[in-house]
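K.L.:
Counting from 1355, one number per residue, gives the positions in the sequence shown under the numbering used here.
Ideal Cβ positions, reconstructed from N, Cα and C, are used throughout, including at glycine.
In this text, all values refer to a predicted model and were calculated from it rather than measured experimentally.
Provided herewith is a single structure, encoded as structure tokens, for subsequent inquiry.
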Amino acid sequence: MNKWFKSGSPWIWLSAGGVSISLISVLGLLWLIASRGLSYFWPSELYQFNLTDEAGAKQVVIGEIYDREHIPVSQLAHLNLTLPEGQETLERLLIKTGNRELVSLDFRWILSTNITQTTKPETLAVVERRTNGNFYGFIDHIVLDGVEVAQDRLPELVERVEQFQAEIDSLQKSDIGAINYQLERLRLKARKHQLQGELTPELQQSIDDEVAKLESDYRTLEKELMVFRDKIARDQLVMRAMDGQLVTINFENILKVSFNNQLGVFEKTKIFFSQIGAFIVDDPREANTEGGVFPAIFGTVLMVLLMTVIVSPFGVIAAIYLHEYAGKNSLTKLLRIAVINLAGVPSIVYGVFGLGFFVYMVGGSLDQIFYPETLPSPTFGTPGVLWSAITLAILTLPVVIVSTEEGLSRIPSAMRHGSLALGATKAETLWRIILPIASPAIMTGIILAIARAAGEVAPLMLVGVVKMAPNLPLDGNFPFLHLERKFMHLGFHIYDVGFQSPNVEAARPLVYATALLLVSIIVALNMTAVTIRNRLREKYKMLEH
């Protein structure tokens, strides 16, 4: 036994066991997130439950089964249920019933003992709406321009409304949005010249002429917009709810009508992938509990890319100075200790620093110097994507510095001396020999920085992220990239939906789906960086020998 311990085999097996447990834990976590997240997009079967309560009253409930659980009978003692002798648990179902105009909550629990009959009618439909959630029921009739028409025209009318809605969105976000942006810029231009005492009557008249032309274009687009709205508001879908009431839904509020019980595996698979695509490219709705997450994806990727562009040169330059130029003295040691300690500072502290220094001090000064016409409304003196990227760059700076310095320390001194002996300057040696060989280590630091920055939420809550951003930081208005704007982030979106949602049951699958998407984006960014690192390693491999 002593000989076995001295051979080191126990520590090899212990290390292998630790790695195996870690790998199994990671794969199990990913499986949990993926299974619960992807199930959010699979079309659920629709059920009709005939219920009889303890008092003998009958009721019909229509909806999707969201969850099942067994609860102790002792928790239901107040209901005076008649149960078989010795039964200790009772199953209950969580049903998504929707129909917010008729009931106060989207979900309700029903006991299995109260169910007298369960059916899956093929004519049962779920209507996905832009507002007010889903509606479950049976189609009674369709009204087209005041006249009742056949139900087989439903797909045609839904597609018609979708086309008109796309035109409306294009007008509002592109054309009308551009006019509003230009009007605001003209207003600020006039105010700027007024503050500088340069607003002459001729300049004022020129600005007024431009404003008049833009307002004329706005009225033209507004009339066109009202025509589209009148067209999509003319038709109605009349649904019969589970209690027999007739509810009229305007087609302008309908996104999709599905008969899930009529779908086969192929049709469900097609809808499954289409809903994943919609989740990625659509905007959120209903307090972020429905719709897509495209603004959050865009904000996360943009912020991480900006952070990478900022932290990479500063981190590499700092590491080069510490290793190649700084003297081996107490000050250098103190700087290294400070860098290492910065890596252990809580991220929320960086957020407080970013808010106080970058937003209020730097941004406020920029507003005073360059944007006095916008005051008291701040331009850069408010949280935005630029300050978020810089704050996270400072947060991840120690990671890049340490990784780069480790790469530099592994390069033999003989290579430096040989380059200098052949007549190269120190700068040429650094640029042509040292940095290419150290580039894989530099990319390793950048990979670690990306992985940490993409998942950070706490500092972003102070320096730029919001629940709902009205506009993306990138649009068609000059200067196109608006770094002063607030943005949405997948990490904060998960927190908001999971903990601030008015409907926790509805948000739970969306939390898993968003978490899966965030993990996928981090993996994609890391794999891109790993690919670049491996290519650099192969490219400069010969320099190491």
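(1) Between which two residues does the alpha helix (DSSP H) carrying residue 1404 extend?
(2) What's the call for residue 1724, buried or exposed, on a 16-neighbour Cβ count within 10 Å?
(3) If contacts are defined as beta-carbon pairs under 8 Å, then residue 1387 and residue 1870 qualify, I think. What distance do you get, rounded to the angstrom?
(4) Going by DSSP, name the residue or residues bridged to residue 1571.
(5) So, for residue 1664: in the same chain, excluding its five sequence neighbours on each side, which residues have a beta-carbon less than 8 Å away from its beta-carbon?
(6) Count the other CB atoms, across all protein chains shown, that sit within 10 Å of the CB of residue 1799; report buried if there are 16 or more and exposed otherwise.
(7) Just confirm the distance between the C-beta atoms of residue 1643 and residue 1864, as a whole number of angstroms; I'd bet it's less than 8 Å.
(8) Round the Cβ separation of residue 1430 and residue 1469 to the nearest angstrom and send it over; I've been treating them as touching at under 8 Å.
(9) Around the C-beta of residue 1501, are 16 or more other C-beta atoms found within 10 angstroms, so that it is buried, or is it exposed?
(10) Taking residue 1492 and residue 1478 to be in contact with their CB atoms under 8 Å, please state how far apart those CB atoms are, rounded to whole angstroms.
(11) Go ahead and pull the three-state DSSP assignment for residue 1866.
(12) How many angstroms separate the CA atom of residue 1442 from the CA atom of residue 1465?
(13) Note the first and the last residue of the continuous beta strand (DSSP E) segment covering residue 1461.
(14) Look at residue 1508 and residue 1589 and say whether their C-beta atoms are less than 8 Å apart.
(15) With distances taken from CA atoms, which of 1572, 1568, 1653 is nearest residue 1824?
(16) How long is the line joining the alpha carbons of residue 1903 and residue 1803, rounded to whole angstroms?
(17) By the three-class DSSP mapping on this structure, what secondary structure does residue 1725 have?
(18) Which residue's Cα is closest to the Cα of residue 1633: 1866, 1569, 1884, 1831?
(19) Kindly confirm or deny that the segment 1509-1526 and the segment 1608-1621 touch, where touching means at least three C-beta pairs closer than 8 Å.
(20) Helix, strand or coil, according to DSSP, for residue 1413 in the structure here?
(21) Under three-state DSSP, which class holds residue 1617?
(22) Could you spell out the range, first to last residue, of the beta strand (DSSP E) harbouring residue 1494?
(23) From the DSSP output, which residues share a beta bridge with residue 1591?
(24) From the DSSP output, read off the bridge partner residues of residue 1798.
(25) With distance defined between alpha-carbon atoms, name the residue in 1831, 1834, 1504, 1754 nearest to residue 1792.
(26) Relative to the C-alpha of residue 1424, which candidate in 1673, 1701, 1467 has its C-alpha closest?
(27) So for residue 1629, helix, strand or coil by DSSP?
(28) Straight-line CA distance for residue 1852 to residue 1547?
(29) For residue 1850, is the classification buried or exposed, using 16 other Cβ atoms within 10 angstroms of its Cβ as the cut-off for buried?
(30) If you follow the beta strand (DSSP E) that residue 1447 is part of, which residue opens it and which one closes it?
(31) In three-state DSSP terms, what is residue 1885?
(32) Please state whether DSSP places residue 1473 in a helix, a strand or coil.
(33) Report buried or exposed for residue 1783, applying the criterion of at least 16 other Cβ atoms within 10 angstroms of its Cβ.
(34) Can you round the beta-carbon distance between residue 1450 and residue 1418 to whole angstroms, since I take them to be within the 8 Å contact cut?
(35) Going by other Cβ atoms of all chains shown within 10 Å of its Cβ, with 16 needed for buried, is residue 1688 buried or exposed?
P.N.:
Reading off the structure:
(1) Not the alpha helix (DSSP H): residue 1404 falls in the beta strand (DSSP E), residues 1400-1406.
(2) Result: exposed.
(3) Contact between residue 1387 and residue 1870 holds, since their C-beta atoms are separated by about 5 Å, short of 8 Å.
(4) Answer is none; residue 1571 lacks a bridge partner.
(5) 1743, 1744, 1747
(6) buried
(7) 6 Å
(8) Wrong, their Cβ atoms sit about 15 Å apart, outside the cutoff.
(9) By the neighbour-count criterion, in which a residue is buried when 16 or more other Cβ atoms sit within 10 angstroms of its Cβ, residue 1501 is exposed.
(10) 6 Å
(11) If DSSP states are grouped into helix, strand and coil, residue 1866 belongs with the helices.
(12) Answer to the nearest angstrom: the Cα atoms are 14 Å apart.
(13) 1461-1465
(14) no
(15) Nearest of 1572, 1568, 1653 to residue 1824, Cα basis: 1653.
(16) For residue 1903 there is no data in the structure shown, the boundaries of the chain being 1355 and 1899.
(17) Assigned with DSSP and collapsed to three states, residue 1725 falls in coil, not helix or strand.
(18) With distances taken between Cα atoms, residue 1633 lies closest to 1866.
(19) yes
(20) strand
(21) coil
(22) 1489-1498
(23) Paired residue(s): 1496, 1603.
(24) Residue pairing of residue 1798 in beta bridges, as defined by DSSP: absent, with no partner found.
(25) Restricting attention to 1831, 1834, 1504, 1754, the CA atom closest to the CA of residue 1792 is found in 1754.
(26) 1467
(27) helix
(28) 48 Å
(29) buried
(30) 1443-1450
(31) Note: residue 1885 maps to helix in three-state DSSP.
(32) strand
(33) So residue 1783 counts as buried.
(34) 5 Å
(35) exposed
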